[in-house]
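Notes follow once the structure below has been shown.
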Amino acid sequence: MNNLSILVKREYWEHRGGFLWTPVWVCGVILGLSLLGMISAEVFRARVGVQLGGMSLDAVRAAISAQDYAHAGYAFDVTQVMFTAIPCIALFFVLFFYLLGALYDDRRDRSVLFWKSLPVSDAATVLSKVLSAMLLAPLIALVVSTLAYLVFVVLVSAWLALHGLNVLPALAASHPLRTLWRLLLTVPLDALWALPTIGWLLFWSAWSRSKPFLWAVMVPLLAVFANWWLGVLGAPHFGGLFDLAHMAGRLLLSVMPGSWLSTDAGGLRQWLPNPQALDDGGLLHPARMLDTATSPGLWLGVVVGVALIGAAIWARRRRIETSV
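For the sequence shown, position 210 matches number 213 in my numbering, and the numbering has no gaps at all.
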(Lines of atoms letter the chains of each structure in order from A and count residues from 1; the text may use other names and numbers.)
(Lines give C-alpha, C1' and ligand atoms only; values in the text may rest on other atoms or scores of the structure.)
Protein backbone atom coordinates (compact mmCIF):
# COMPACT_ATOMS: atom_id res chain seq x y z
CA MET A 1 0.00 0.00 0.00
CA ASN A 2 2.89 2.35 0.81
CA ASN A 3 4.42 1.63 -2.60
CA LEU A 4 1.08 2.37 -4.25
CA SER A 5 0.75 5.76 -2.55
CA ILE A 6 4.31 6.64 -3.58
CA LEU A 7 3.52 5.66 -7.17
CA VAL A 8 0.38 7.82 -7.17
CA LYS A 9 2.46 10.77 -5.94
CA ARG A 10 4.91 10.07 -8.73
CA GLU A 11 2.07 10.18 -11.25
CA TYR A 12 1.01 13.55 -9.90
CA TRP A 13 4.47 15.10 -10.11
CA GLU A 14 5.11 13.68 -13.57
CA HIS A 15 1.74 14.84 -14.92
CA ARG A 16 1.10 17.93 -12.82
CA GLY A 17 0.70 20.00 -15.97
CA GLY A 18 -2.38 18.03 -16.97
CA PHE A 19 -3.80 17.18 -13.56
CA LEU A 20 -3.37 20.58 -11.89
CA TRP A 21 -2.55 23.32 -14.36
CA THR A 22 -5.15 22.40 -16.97
CA PRO A 23 -8.12 23.04 -14.61
CA VAL A 24 -6.30 26.08 -13.21
CA TRP A 25 -5.94 27.59 -16.68
CA VAL A 26 -9.51 26.72 -17.69
CA CYS A 27 -10.95 28.26 -14.53
CA GLY A 28 -8.64 31.24 -14.96
CA VAL A 29 -10.01 31.82 -18.45
CA ILE A 30 -13.58 31.62 -17.13
CA LEU A 31 -12.79 34.15 -14.40
CA GLY A 32 -11.00 36.39 -16.88
CA LEU A 33 -13.97 36.36 -19.25
CA SER A 34 -16.32 37.07 -16.34
CA LEU A 35 -14.21 40.04 -15.25
CA LEU A 36 -14.04 41.26 -18.84
CA GLY A 37 -17.83 41.05 -19.04
CA MET A 38 -18.20 43.16 -15.90
CA ILE A 39 -15.77 45.78 -17.21
CA SER A 40 -17.56 45.86 -20.57
CA ALA A 41 -20.90 46.28 -18.81
CA GLU A 42 -19.49 49.23 -16.84
CA VAL A 43 -18.15 50.88 -19.99
CA PHE A 44 -21.46 50.35 -21.78
CA ARG A 45 -23.44 51.70 -18.82
CA ALA A 46 -21.23 54.78 -18.56
CA ARG A 47 -21.67 55.57 -22.25
CA VAL A 48 -25.35 54.98 -22.85
CA GLY A 49 -26.93 54.38 -19.46
CA VAL A 50 -28.89 51.28 -18.57
CA GLN A 51 -32.59 50.74 -18.15
CA LEU A 52 -34.31 47.40 -17.62
CA GLY A 53 -37.90 47.21 -18.78
CA GLY A 54 -38.08 50.98 -18.86
CA MET A 55 -36.81 51.25 -15.28
CA SER A 56 -33.58 52.73 -14.07
CA LEU A 57 -31.18 50.74 -11.93
CA ASP A 58 -32.48 52.56 -8.83
CA ALA A 59 -36.02 51.43 -9.67
CA VAL A 60 -34.80 47.89 -10.26
CA ARG A 61 -33.13 47.83 -6.84
CA ALA A 62 -36.35 48.93 -5.21
CA ALA A 63 -38.41 46.34 -7.10
CA ILE A 64 -36.38 43.26 -6.14
CA SER A 65 -38.54 40.77 -4.24
CA ALA A 66 -37.79 37.73 -2.09
CA GLN A 67 -38.72 35.50 -5.03
CA ASP A 68 -36.17 37.30 -7.19
CA TYR A 69 -33.50 36.59 -4.58
CA ALA A 70 -34.55 32.92 -4.55
CA HIS A 71 -34.16 32.75 -8.33
CA ALA A 72 -30.76 34.41 -8.02
CA GLY A 73 -29.80 31.77 -5.45
CA TYR A 74 -30.65 29.01 -7.90
CA ALA A 75 -28.58 30.84 -10.51
CA PHE A 76 -25.61 30.71 -8.13
CA ASP A 77 -26.16 26.95 -7.73
CA VAL A 78 -26.15 26.49 -11.50
CA THR A 79 -23.01 28.60 -11.79
CA GLN A 80 -21.28 26.45 -9.17
CA VAL A 81 -22.07 23.33 -11.19
CA MET A 82 -20.93 25.00 -14.41
CA PHE A 83 -17.60 25.94 -12.85
CA THR A 84 -17.07 22.21 -12.31
CA ALA A 85 -18.55 21.02 -15.60
CA ILE A 86 -16.49 23.18 -17.95
CA PRO A 87 -13.06 22.04 -16.65
CA CYS A 88 -14.35 18.46 -16.92
CA ILE A 89 -14.39 18.82 -20.71
CA ALA A 90 -10.67 19.59 -20.63
CA LEU A 91 -10.16 16.83 -18.06
CA PHE A 92 -11.59 14.29 -20.51
CA PHE A 93 -8.83 15.02 -23.04
CA VAL A 94 -6.17 15.09 -20.31
CA LEU A 95 -7.18 11.67 -19.00
CA PHE A 96 -7.70 10.14 -22.44
CA PHE A 97 -4.18 10.89 -23.62
CA TYR A 98 -2.66 10.31 -20.18
CA LEU A 99 -4.02 6.76 -20.17
CA LEU A 100 -2.92 6.12 -23.75
CA GLY A 101 0.65 7.05 -22.90
CA ALA A 102 0.72 5.75 -19.33
CA LEU A 103 2.27 2.36 -20.18
CA TYR A 104 3.52 3.11 -23.69
CA ASP A 105 5.80 6.10 -23.17
CA ASP A 106 8.21 4.37 -20.79
CA ARG A 107 8.47 1.44 -23.22
CA ARG A 108 9.22 3.84 -26.04
CA ASP A 109 12.05 5.59 -24.19
CA ARG A 110 13.17 2.30 -22.56
CA SER A 111 12.80 3.70 -19.04
CA VAL A 112 10.56 0.69 -18.37
CA LEU A 113 13.76 -1.28 -17.78
CA PHE A 114 14.64 1.03 -14.90
CA TRP A 115 11.17 0.81 -13.35
CA LYS A 116 11.16 -2.98 -13.65
CA SER A 117 14.48 -3.10 -11.79
CA LEU A 118 12.82 -1.54 -8.73
CA PRO A 119 10.98 -3.62 -6.10
CA VAL A 120 7.61 -2.50 -7.46
CA SER A 121 5.20 -4.93 -9.07
CA ASP A 122 3.66 -4.37 -12.48
CA ALA A 123 0.24 -4.58 -10.84
CA ALA A 124 1.10 -1.69 -8.50
CA THR A 125 2.38 0.37 -11.43
CA VAL A 126 -0.82 -0.13 -13.41
CA LEU A 127 -3.09 0.40 -10.39
CA SER A 128 -1.34 3.69 -9.57
CA LYS A 129 -2.29 4.94 -13.01
CA VAL A 130 -5.85 3.67 -12.55
CA LEU A 131 -6.20 5.51 -9.23
CA SER A 132 -4.68 8.67 -10.69
CA ALA A 133 -7.27 8.71 -13.48
CA MET A 134 -10.20 7.56 -11.32
CA LEU A 135 -9.74 9.73 -8.25
CA LEU A 136 -6.67 11.98 -8.17
CA ALA A 137 -7.29 14.06 -11.30
CA PRO A 138 -11.08 14.49 -10.74
CA LEU A 139 -10.59 15.53 -7.10
CA ILE A 140 -7.95 18.09 -8.07
CA ALA A 141 -10.29 19.49 -10.74
CA LEU A 142 -13.14 19.71 -8.21
CA VAL A 143 -10.98 21.55 -5.67
CA VAL A 144 -9.70 24.01 -8.29
CA SER A 145 -13.17 24.68 -9.72
CA THR A 146 -14.63 25.20 -6.23
CA LEU A 147 -11.94 27.75 -5.38
CA ALA A 148 -12.53 29.47 -8.73
CA TYR A 149 -16.26 29.63 -7.99
CA LEU A 150 -15.54 31.32 -4.65
CA VAL A 151 -13.40 33.90 -6.46
CA PHE A 152 -16.27 34.43 -8.92
CA VAL A 153 -18.71 35.00 -6.05
CA VAL A 154 -16.38 37.61 -4.55
CA LEU A 155 -16.06 39.39 -7.92
CA VAL A 156 -19.81 39.41 -8.52
CA SER A 157 -20.52 40.55 -4.96
CA ALA A 158 -18.05 43.42 -5.24
CA TRP A 159 -19.41 44.46 -8.64
CA LEU A 160 -23.03 44.46 -7.48
CA ALA A 161 -22.07 46.28 -4.27
CA LEU A 162 -20.69 49.11 -6.41
CA HIS A 163 -24.25 49.60 -7.65
CA GLY A 164 -25.84 49.37 -4.24
CA LEU A 165 -27.09 45.82 -4.67
CA ASN A 166 -26.79 43.51 -1.67
CA VAL A 167 -25.92 40.02 -2.88
CA LEU A 168 -26.12 38.39 0.55
CA PRO A 169 -29.85 37.50 0.31
CA ALA A 170 -29.19 35.75 -3.01
CA LEU A 171 -26.21 33.88 -1.54
CA ALA A 172 -28.33 32.91 1.46
CA ALA A 173 -30.91 31.46 -0.94
CA SER A 174 -28.25 29.37 -2.71
CA HIS A 175 -27.05 25.96 -1.56
CA PRO A 176 -23.25 25.90 -1.97
CA LEU A 177 -22.53 23.19 0.60
CA ARG A 178 -25.30 20.93 -0.68
CA THR A 179 -24.15 21.42 -4.25
CA LEU A 180 -20.53 20.73 -3.27
CA TRP A 181 -21.59 17.57 -1.42
CA ARG A 182 -23.46 16.33 -4.48
CA LEU A 183 -20.49 17.10 -6.70
CA LEU A 184 -18.29 15.09 -4.33
CA LEU A 185 -20.74 12.20 -4.57
CA THR A 186 -20.30 12.15 -8.34
CA VAL A 187 -16.56 11.43 -8.01
CA PRO A 188 -16.85 7.74 -6.98
CA LEU A 189 -19.74 7.28 -9.43
CA ASP A 190 -17.67 8.79 -12.24
CA ALA A 191 -14.77 6.54 -11.21
CA LEU A 192 -16.83 3.36 -11.50
CA TRP A 193 -18.42 4.51 -14.74
CA ALA A 194 -15.01 5.30 -16.25
CA LEU A 195 -13.50 1.85 -15.62
CA PRO A 196 -14.21 0.42 -19.12
CA THR A 197 -12.42 3.34 -20.79
CA ILE A 198 -9.58 3.29 -18.26
CA GLY A 199 -9.03 -0.44 -18.78
CA TRP A 200 -9.36 -0.23 -22.56
CA LEU A 201 -6.87 2.61 -22.98
CA LEU A 202 -4.38 1.11 -20.52
CA PHE A 203 -4.52 -2.24 -22.29
CA TRP A 204 -3.57 -0.73 -25.64
CA SER A 205 -0.99 1.48 -23.94
CA ALA A 206 0.64 -1.66 -22.55
CA TRP A 207 0.16 -3.94 -25.58
CA SER A 208 0.57 -1.94 -28.79
CA ARG A 209 4.02 -1.73 -30.33
CA SER A 210 3.22 1.65 -31.90
CA LYS A 211 0.40 4.17 -32.27
CA PRO A 212 -1.77 3.16 -29.29
CA PHE A 213 -4.25 5.92 -30.20
CA LEU A 214 -5.07 4.29 -33.53
CA TRP A 215 -5.47 0.85 -31.98
CA ALA A 216 -7.66 2.08 -29.14
CA VAL A 217 -9.91 4.23 -31.33
CA MET A 218 -10.01 2.42 -34.65
CA VAL A 219 -10.73 -1.09 -33.34
CA PRO A 220 -14.14 -0.19 -31.84
CA LEU A 221 -14.99 2.24 -34.65
CA LEU A 222 -14.21 -0.34 -37.34
CA ALA A 223 -16.26 -2.92 -35.43
CA VAL A 224 -19.22 -0.53 -35.36
CA PHE A 225 -18.83 0.26 -39.06
CA ALA A 226 -18.53 -3.42 -40.02
CA ASN A 227 -21.61 -4.29 -37.96
CA TRP A 228 -23.58 -1.44 -39.57
CA TRP A 229 -22.49 -2.55 -43.04
CA LEU A 230 -23.59 -6.12 -42.36
CA GLY A 231 -26.96 -4.75 -41.32
CA VAL A 232 -27.23 -2.75 -44.54
CA LEU A 233 -26.49 -5.92 -46.52
CA GLY A 234 -29.12 -7.85 -44.58
CA ALA A 235 -26.49 -10.20 -43.17
CA PRO A 236 -26.48 -11.39 -39.53
CA HIS A 237 -25.17 -8.67 -37.25
CA PHE A 238 -25.24 -7.58 -33.63
CA GLY A 239 -28.22 -5.63 -32.37
CA GLY A 240 -30.54 -5.30 -29.41
CA LEU A 241 -28.60 -5.96 -26.21
CA PHE A 242 -25.37 -6.15 -28.23
CA ASP A 243 -25.44 -2.55 -29.41
CA LEU A 244 -21.88 -2.14 -30.65
CA ALA A 245 -22.22 1.63 -31.01
CA HIS A 246 -23.16 1.91 -27.32
CA MET A 247 -20.32 -0.44 -26.37
CA ALA A 248 -17.83 1.61 -28.39
CA GLY A 249 -19.06 4.75 -26.66
CA ARG A 250 -18.57 3.15 -23.26
CA LEU A 251 -15.04 2.05 -24.20
CA LEU A 252 -13.97 5.45 -25.52
CA LEU A 253 -16.03 8.12 -23.74
CA SER A 254 -16.80 6.87 -20.24
CA VAL A 255 -13.83 8.73 -18.78
CA MET A 256 -15.75 11.97 -19.36
CA PRO A 257 -16.96 13.06 -15.89
CA GLY A 258 -20.74 12.97 -15.72
CA SER A 259 -21.14 10.85 -18.85
CA TRP A 260 -23.40 8.51 -16.85
CA LEU A 261 -26.05 11.24 -17.04
CA SER A 262 -26.58 10.32 -20.69
CA THR A 263 -28.21 7.07 -19.53
CA ASP A 264 -31.02 9.03 -17.87
CA ALA A 265 -33.38 9.75 -20.76
CA GLY A 266 -34.33 13.38 -20.78
CA GLY A 267 -32.33 14.16 -17.66
CA LEU A 268 -30.13 16.82 -19.22
CA ARG A 269 -32.96 18.24 -21.33
CA GLN A 270 -35.08 18.55 -18.20
CA TRP A 271 -32.40 20.37 -16.24
CA LEU A 272 -30.71 22.77 -18.67
CA PRO A 273 -33.63 25.19 -19.19
CA ASN A 274 -34.65 25.02 -15.53
CA PRO A 275 -32.25 26.22 -12.82
CA GLN A 276 -34.60 24.95 -10.11
CA ALA A 277 -33.97 21.40 -11.30
CA LEU A 278 -30.93 21.50 -9.01
CA ASP A 279 -33.39 21.41 -6.14
CA ASP A 280 -34.63 18.18 -4.56
CA GLY A 281 -35.80 16.70 -7.87
CA GLY A 282 -32.71 17.82 -9.70
CA LEU A 283 -29.96 16.50 -11.86
CA LEU A 284 -27.51 15.75 -9.05
CA HIS A 285 -30.00 14.45 -6.51
CA PRO A 286 -28.55 11.48 -4.58
CA ALA A 287 -31.57 9.34 -5.54
CA ARG A 288 -30.71 9.74 -9.21
CA MET A 289 -27.07 8.87 -8.53
CA LEU A 290 -28.18 5.84 -6.51
CA ASP A 291 -30.29 4.65 -9.44
CA THR A 292 -27.21 4.80 -11.66
CA ALA A 293 -24.98 3.21 -9.00
CA THR A 294 -27.31 0.20 -8.76
CA SER A 295 -27.92 -0.16 -12.49
CA PRO A 296 -26.77 -3.32 -14.32
CA GLY A 297 -25.09 -1.21 -17.00
CA LEU A 298 -22.69 0.36 -14.52
CA TRP A 299 -21.67 -2.93 -12.90
CA LEU A 300 -21.32 -4.73 -16.20
CA GLY A 301 -18.96 -1.92 -17.19
CA VAL A 302 -17.07 -2.37 -13.91
CA VAL A 303 -16.58 -6.08 -14.65
CA VAL A 304 -15.35 -5.30 -18.17
CA GLY A 305 -13.09 -2.55 -16.87
CA VAL A 306 -11.53 -4.76 -14.19
CA ALA A 307 -10.93 -7.49 -16.79
CA LEU A 308 -9.25 -5.00 -19.11
CA ILE A 309 -7.09 -3.67 -16.28
CA GLY A 310 -6.07 -7.26 -15.55
CA ALA A 311 -5.20 -7.64 -19.24
CA ALA A 312 -3.14 -4.43 -19.04
CA ILE A 313 -1.19 -5.83 -16.07
CA TRP A 314 -0.58 -9.05 -18.00
CA ALA A 315 0.59 -7.09 -21.07
CA ARG A 316 2.83 -4.91 -18.89
CA ARG A 317 4.68 -8.01 -17.72
CA ARG A 318 5.27 -9.28 -21.24
CA ARG A 319 5.67 -6.21 -23.45
CA ILE A 320 8.83 -4.18 -23.09
CA GLU A 321 9.75 -3.18 -26.62
CA THR A 322 8.00 -0.91 -29.11
CA SER A 323 8.48 -0.51 -32.84
CA VAL A 324 9.63 3.10 -32.41
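All C-beta atoms, glycine included, are put in the ideal place defined by N, C-alpha and C. Model, not experiment: these values are computed from the prediction.
Start-to-end residues for the alpha helix (DSSP H) that takes in W203: P179 to W210
If you count every other CB in all the chains shown that lies within 10 Å of the CB of D112, and 16 or more means buried, which is it? exposed
When the Cα of Q70 is compared with those of L204, V309, A176 and W203, which residue comes out closest? A176
Taking DSSP as the reference, what is the three-state secondary structure of R13? helix
Beta-carbon contacts of L205 that lie in its chain and below 8 Å, excluding the five residues immediately before and after: L102, A105, L106, V129, K132, V133, L311, I312 and A315
I need the boundaries of the alpha helix (DSSP H) containing I316, first residue and last residue. P299 to R321
Roughly how many whole angstroms lie between the Cα atoms of G202 and V190? 18 Å
Own chain, CB closer than 6 Å to S211, minus 5 neighbours either side, in chain order: W218
Where S265 falls: helix, strand or coil (DSSP): helix
Between F216, L174 and W263, which lies nearest to P299 when the distance is taken from Cα to Cα? W263
Measuring CB to CB, does L254 end up less than 8 Å from P179? no
Looking only at C-alpha atoms, which of G252, P260 and D294 sits nearest to F95? P260
Could you give the DSSP three-state label for R1: helix, strand or coil? The structure shown has nothing for residue 1, since the chain only spans 4 to 327.
Could you round the C-beta distance between G42 and A151 to whole angstroms and report it? I think they count as a contact, below 8 Å. The amino acid occupying residue 42 in the given sequence is Ile; Gly does not appear at that position. Not really, about 18 Å apart at Cβ, beyond 8 Å.
Could you tell me which of L286, N5 and C91 sits nearest to P26, measuring between CA atoms? C91
8 Å Cβ cutoff met for R181 and P289: no
Out of curiosity, what's the CA-to-CA distance linking A49 and A161? 18 Å
Would you check if the distance between the CB atom of F155 and the CB atom of F99 is smaller than 8 Å? no
Can you check which of these residues, V146, P122, V159 and D294, is closest to N5 by C-alpha distance? P122
Give the straight-line distance between the Cα atoms of M221 and W232, rounded to the nearest whole angstrom. 16 Å
Top-ranked residue by Cα proximity to V97, from W317, D294, L10 and M137: M137
Excluding the five sequence neighbours on either side, which residues of its own chain have a C-beta within less than 6 Å of the C-beta of F216, listed in chain order? L103
Can you tell me where the alpha helix (DSSP H) with G252 in it begins and where it stops? L247 to L256
Flag this pair as touching only if the stretch 9 to 18 and the stretch 72 to 81 have three or more C-beta atom pairs under 8 Å; answer yes or no. no
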